[in-house]
Amino acid sequence: MSKISEFLNNASLEEKIGQMFIARTPQNVEQAIKDIEDYRLGGLIVYDADMMGLIPVEFRKKLDKFQAAAEIPLLIGIDQEGGRVSRLTHSGLIAENKDQFAFPRQQYAHAEQSGVGSGMKMVKRYASQNAKILRTLGINWNFAPDADVSHAEKGFIYDRTFSSSYEQTAKYISEVVPAWQKNDLIAATLKHFPGYGNAADTHTGFAVRSETLDYLKTHDMLPFIAGIKVGVDSIMVTHVIYDQIDPENPATLSAKVINLIRHECAFDGVIVTDALEMGAISDFAKKRHQASVDVLAVKAGNDMIMNADYATGIAEIATAVRNGEISERRIDDSVKRILTLKEKLHLSDEQKVREINHIAIAQLNSAKISKTKKKIELERIEHGSVPNEIQIYGRVSDPAAEGSLLISAYDQSGKLVATSVVGGEGNFELKIMNEAGNNQICLIALNPQYRILDISI
Numbered sequence: 005m006s007k008i009s010e011f012l013n014n015a016s017l018e019e020k021i022g023q024m025f026i027a028r029t030p031q032n033v034e035q036a037i038k039d040i041e042d043y044r045l046g047g048l049i050v051y052d053a054d055m056m057g058l059i060p061v062e063f064r065k066k067l068d069k070f071q072a073a074a075e076i077p078l079l080i081g082i083d084q085e086g087g088r089v090s091r092l093t094h095s096g097l098i099a100e101n102k103d104q105f106a107f108p109r110q111q112y113a114h115a116e117q118s119g120v121g122s123g124m125k126m127v128k129r130y131a132s133q134n135a136k137i138l139r140t141l142g143i144n145w146n147f148a149p150d151a152d153v154s155h156a157e158k159g160f161i162y163d164r165t166f167s168s169s170y171e172q173t174a175k176y177i178s179e180v181v182p183a184w185q186k187n188d189l190i191a192a193t194l195k196h197f198p199g200y201g202n203a204a205d206t207h208t209g210f211a212v213r214s215e216t217l218d219y220l221k222t223h224d225m226l227p228f229i230a231g232i233k234v235g236v237d238s239i240m241v242t243h244v245i246y247d248q249i250d251p252e253n254p255a256t257l258s259a260k261v262i263n264l265i266r267h268e269c270a271f272d273g274v275i276v277t278d279a280l281e282m283g284a285i286s287d288f289a290k291k292r293h294q295a296s297v298d299v300l301a302v303k304a305g306n307d308m309i310m311n312a313d314y315a316t317g318i319a320e321i322a323t324a325v326r327n328g329e330i331s332e333r334r335i336d337d338s339v340k341r342i343l344t345l346k347e348k349l350h351l352s353d354e355q356k357v358r359e360i361n362h363i364a365i366a367q368l369n370s371a372k373i374s375k376t377k378k379k380i381e382l383e384r385i386e387h388g389s390v391p392n393e394i395q396i397y398g399r400v401s402d403p404a405a406e407g408s409l410l411i412s413a414y415d416q417s418g419k420l421v422a423t424s425v426v427g428g429e430g431n432f433e434l435k436i437m438n439e440a441g442n443n444q445i446c447l448i449a450l451n452p453q454y455r456i457l458d459i460s461i
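Per my numbering, the sequence shown runs over residues 5 to 461.
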């Protein structure tokens, strides 16, 4: 009997439903651990607040505590699209590194300026590097890339999209998804199905699109179909109402829309809701006399539900199953998809994770660190072309570090001022704007095997 079948046969109804919930991480770590244990949660989503004030090693240890509390390993997700949707850099956990954490639209444009034809190569390179960084930090699911197409330059979603061309966006998605999912480090997510377009911001209220289904199939859905063809792991559904498909329900809660994913697009991976606390959904619940949006999300066909009130949601879905509104087989189908994704990501196989991640993850969890630590070596310091700009060049002599080890620089006050990923031959470069006039910088690697390096500048 497979592990998945064993769980489905032995778990209670509430335990199975718990696997369908993605919880916003409570700021109280002990409460988070208790909730993971009590509700058998399937996943967490981390935001800027979960990282603020921490260095990468500390954040990794925090997530390790959550994983240790889970009988079945957690999917830990993040919105790391880049640009203004970059949790890693906005939190201060990792510093900006040229275009590495920019929107893909910007990454592509800047690379093309350096050499025609190099844009997509750079976008894919950054995606692959950032996947390694996320997994090193303990994150295994990215709610990206954005597969939307928008023509409204001042619109809510525009700068998060790759192109105003459906065909170019489809090509981008077909190339960047394999880069994100390389070696099964990270599950990628296409969003926001079936296409956000020029709609208004659903964080604050309803948005409606009136295009026909035929139009969507030949335009907005093209990037999603391209991503499905190359094996994307998950799809996030938008809260926009498509009144030519289902005039009553936002897409997240519409069986008609989700059937397009399953049947028209032949996708059998994980379908996840956008956050159900958003204004569009709370407005809808009021309109429906406070209907349980979690129950409606399951009825519509979603596999995973992103909602902060998981305690209420689990109980309401369980009641709906016992009342015959939802079949237990419907729950089992979703849980199978969720557990299959967890197996694909090797969340229970630490040895496999170490092999594919090039980082001895077990060492991050161990209190016993070798007395003979590896060194971060300083090669030179240069002053840049603009006032207060300082460039630090260094290296590490560990082939396993290339492309995955993070080196962070902190000033005398403990503020993170730069982050770099170790590149070929162990080389790294940090660019610092020393406006505060610091004369000491501390370099720390995201791996306790390395000594901290203090340097004078």
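Each residue gets a CB set at the ideal place from its N, CA and C atoms; glycine is no exception.
Predicted model only: the values in this text are computed from it and were never measured.
With fewer than 16 other Cβ atoms inside 10 Å of its own Cβ, residue 125 counts as exposed. About 20 angstroms separates the CB atoms of residue 281 and residue 164; that is not less than 8 angstroms, and the two are not in contact. In the structure shown, residue 398 falls within a strand segment according to DSSP collapsed to helix, strand and coil. Around the Cβ of residue 104, a 10 Å sphere holds 16 or more other Cβ atoms; the residue is buried. Spanning the alpha carbons of residue 298 and residue 236 requires a straight line of approximately 25 angstroms. Here the C-alpha atom of residue 295 lies approximately 31 angstroms from the C-alpha atom of residue 192. DSSP places residue 116 in the helix class (H, G or I) of the three-state scheme. Taking C-beta atoms as the reference points, residue 242 and residue 200 count as a pair closer than 8 angstroms. In the DSSP assignment, residue 425 forms a beta bridge with 410. The shortest C-alpha to C-alpha distance from residue 262 to any of 292, 225 and 288 is the one to 225. The continuous alpha helix (DSSP H) containing residue 140 extends over residues 123-141. Taking a cut-off of 8 angstroms on C-beta distances, the segment 227-234 does not touch the segment 252-261, as fewer than three cross pairs fall below it. Sequence-distant partners of residue 353 (beyond 5 residues in either direction) whose C-beta falls short of 7 angstroms from its own C-beta are missing from its chain.
In this structure, the beta-carbon distance from residue 381 to residue 400 falls below 8 angstroms. The beta-bridge partner set that DSSP reports for residue 80 consists of 48. Residue state for residue 197 is assigned as strand, using DSSP reduced to three classes.
For the options 406, 435 and 410, the alpha carbon positioned closest to that of residue 391 is the one of 435.
Annotated three-state conformation of residue 433 is strand, per DSSP.
In this structure, the alpha-carbon of residue 157 lies about 44 angstroms from that of residue 329. Contact between the segment 114-122 and the segment 132-149 is absent: fewer than 3 CB-CB pairs across the two stretches fall below 8 angstroms. When only Cα atoms are considered, residue 223 and residue 170 end up about 6 angstroms apart. Scanning its chain for C-beta atoms nearer than 7 angstroms, with the 5 sequence neighbours on each side dropped, one finds around residue 21 the residues 318, 321, 322 and 335, in chain order. Using a 10 angstroms sphere on the CB of residue 273, the tally of other CB atoms reaches 16 or more, which defines it as buried.
Residue pairing by DSSP leaves residue 319 without any beta bridge partner.
Counting along the chain, residue 25 sits inside the beta strand (DSSP E) bounded by residues 25-28. Short of 6 angstroms from the beta carbon of residue 93, and not among the five residues preceding or following it, lie these beta carbons of its own chain, in chain order: 100 and 105.
Nearest to residue 302 by alpha-carbon distance, out of 110, 129, 447 and 332, is 332. The continuous beta strand (DSSP E) containing residue 448 extends over residues 444-449.
By the neighbour-count criterion, in which a residue is buried when 16 or more other Cβ atoms sit within 10 angstroms of its Cβ, residue 113 is exposed. In this model, residue 312 and residue 276 are separated by some 14 angstroms (Cα to Cα). Straight-line measurement puts the Cα of residue 123 at about 47 angstroms from the Cα of residue 42. By the CB criterion at 8 angstroms, residue 456 and residue 448 fall inside the cutoff. Each residue's CA atom was taken as its position, placing residue 66 and residue 56 some 12 angstroms apart. The three-state secondary structure of residue 387, taken from DSSP, is strand. Looking only at 439, 426 and 210, the smallest Cα-Cα distance to residue 133 is reached by 426. As computed with DSSP, residue 159 is found in no beta bridge at all.
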